[in-house]
Amino acid sequence: MAPSKSTAAAAVLVLLAAAAGGADAAAATCVESLLELSPCLPFFKDKATTAAPEGCCAGLASIVKGEAVCLCHIVNHTLERAIGVDIPVDRAFSLLRDVCRLSPPADIISTCANDKVYMRKE
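Just so you know, the sequence shown maps onto residues -25 to -1, 1 to 97 in mature numbering (1 follows the signal peptide of the UniProt record, and there is no 0).
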């Protein structure tokens, strides 16, 4: 039996809260924004999934519009290092561009690749 959406979201919340506890300060700055991706977990985990789960595109859109630098934690695999959850970059950008029809900032990949400091605007 597949875990419910609330169970998956709760698991992500626990893992991201652990990251905020000091595992990786960079990932902790984007915890709230990255929680918006919890509905997307089935898409990331199952390559056969071609449609965005309910709520996924809305959460992703809020990150792209408000905290696009938090996408660097996917690109740089910071989440994997901090909490053991890896989101495949190719699946993330396929979801972003092809499924949800969103456009991240044009320089996001180069910004992430330059390993700049990403702090949320308070």
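Glycine included, every Cβ here is placed at the ideal spot set by N, Cα and C.
Residues Leu77 and Pro79 of the same chain have their beta carbon placed closer than 6 angstroms to that of Val39, with the five preceding and five following residues left out of the count. In summary, Thr53 is buried, with 16 or more beta-carbon neighbours lying within 10 Å of its beta-carbon over all protein chains present. Assigned with DSSP and collapsed to three states, Arg72 falls in helix. Annotation: the continuous alpha helix (DSSP H) that includes Thr86 extends over Ile83 to Ala88. Of the candidates Pro14, Asn89 and Lys20, the residue whose Cα lies closest to the Cα of Ala36 is Pro14. Within the same chain, and ignoring the five residues on either side of Lys22 in sequence, the residues whose Cβ sits closer than 8 angstroms to its Cβ are Arg66. A distance below 8 angstroms separates the beta carbons of Cys75 and Cys32.
The three-state secondary structure of His48, taken from DSSP, is helix. Thr24 sits close to Pro17, with the two beta carbons spaced by under 8 angstroms.
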